[in-house]
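Colleague:
Numbering (the working numbering), first residue to last: 8 to 227.
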């Protein structure tokens, strides 16, 4: 169970892969619980927009953590190279899925739908580029696109602040912080366990965004 670190040439050790699998395996369990909780509460207290939007968010969480766990669990390096693309592609959909409840429940309207269309178009663009790429030299544009998508909401920050309750906004910002700060460990490949630490930041960011959705879109 060893994945080649293309930047430093150092393969991930068995222990590193186990930690990555454990952290994102936990992510699968929490995502399933999160999806069930959000959809059940939305169905009881909210409308169809909330049910569908939270379902999209929940499914995007499950897809990302499942793709990541499988990628790190598979020992065959040839298969890993293919799974790595789907692991990275799933990040685009988690970002777009995380936007969906805020745009279609809290904001909706012309601005909400416009950003919704742009963010999902970028997710599809990232998917196509990743599938067509050779795997080398894609790190810079991949990370750049993740960051652009993740922080695009700042163009509507005034409207977002007005649409979200304070507690929801705090969780939303905290999630963005953990996702962004975690990238430092993602690009720092030479140190042992930095990749697993990055997974921990990602999971923490997702948990923050779960509570942001819960308190901003469902329990309002």
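Beta carbons: idealized from backbone N, C-alpha and C, even for Gly.
Could you check the C-alpha separation between residue 172 and residue 102 for me, to the nearest Å?
Modeller: Mapped onto the chain shown, residue 172 falls at position 165. Mapped onto the chain shown, residue 102 falls at position 95. Spanning the two alpha carbons is a distance of roughly 21 Å.
Colleague: Would a C-beta distance cut-off of 7 Å place residue 205 and residue 184 closer than the cut-off?
Modeller: Working through the chain shown from its first residue, we reach residue 205 at position 198. Working through the chain shown from its first residue, we reach residue 184 at position 177. Their beta carbons are not under 7 Å apart, which means residue 205 does not touch residue 184 by this criterion.
Colleague: May I have the straight-line CA-CA distance separating residue 212 from residue 50, to the nearest angstrom?
Modeller: Here residue 212 refers to the residue found at position 205 when the chain shown is read from its first residue. Here residue 50 refers to the residue found at position 43 when the chain shown is read from its first residue. Going from the Cα of residue 212 to the Cα of residue 50 covers about 25 Å.
Colleague: Tell me, please, whether the stretch 156 to 176 touches the stretch 112 to 121 by the rule of three or more beta-carbon pairs shorter than 8 Å.
Modeller: yes
Colleague: Let me make sure I understand the geometry here. Which of 46, 200 and 121 has the alpha-carbon closest to that of residue 28?
Modeller: Position 21 of the chain shown, counted from the start, is the residue given in the question as residue 28. For the residues 46, 200 and 121, the minimum Cα distance to residue 28 belongs to 200.
Colleague: Would you say the stretch 39 to 46 touches the stretch 67 to 84, given that touching needs at least three Cβ pairs under 8 Å?
Modeller: yes
Colleague: Assuming the contact rule is C-beta atoms closer than 8 Å, residue 97 and residue 74 should be a hit. Round their C-beta distance to whole Å, please.
Modeller: Against the chain shown, residue 97 aligns to sequence position 90. Against the chain shown, residue 74 aligns to sequence position 67. Confirmed, about 4 Å.
Colleague: Going by CA-CA distance only, name the one from 207, 218 and 225 that's closest to residue 34.
Modeller: Sequence index remark: in the chain shown, residue 34 carries index 27 (1-based). Nearest of 207, 218 and 225 to residue 34, Cα basis: 207.
Colleague: Check the C-beta distance from residue 48 over to residue 209 and give it rounded, since I have them as a contact under 8 Å.
Modeller: Position 41 of the chain shown, counted from the first residue, corresponds to residue 48. Position 202 of the chain shown, counted from the first residue, corresponds to residue 209. In fact, because the Cβ distance is near 24 Å, the residues do not count as touching under 8 Å.
Colleague: Can you check whether the CB of residue 215 is closer than 7 Å to the CB of residue 181?
Modeller: Within the chain shown, numbered from 1, the residue matching residue 181 stands at position 174. Within the chain shown, numbered from 1, the residue matching residue 215 stands at position 208. For residue 181 and residue 215, yes; Cβs fall inside 7 Å.
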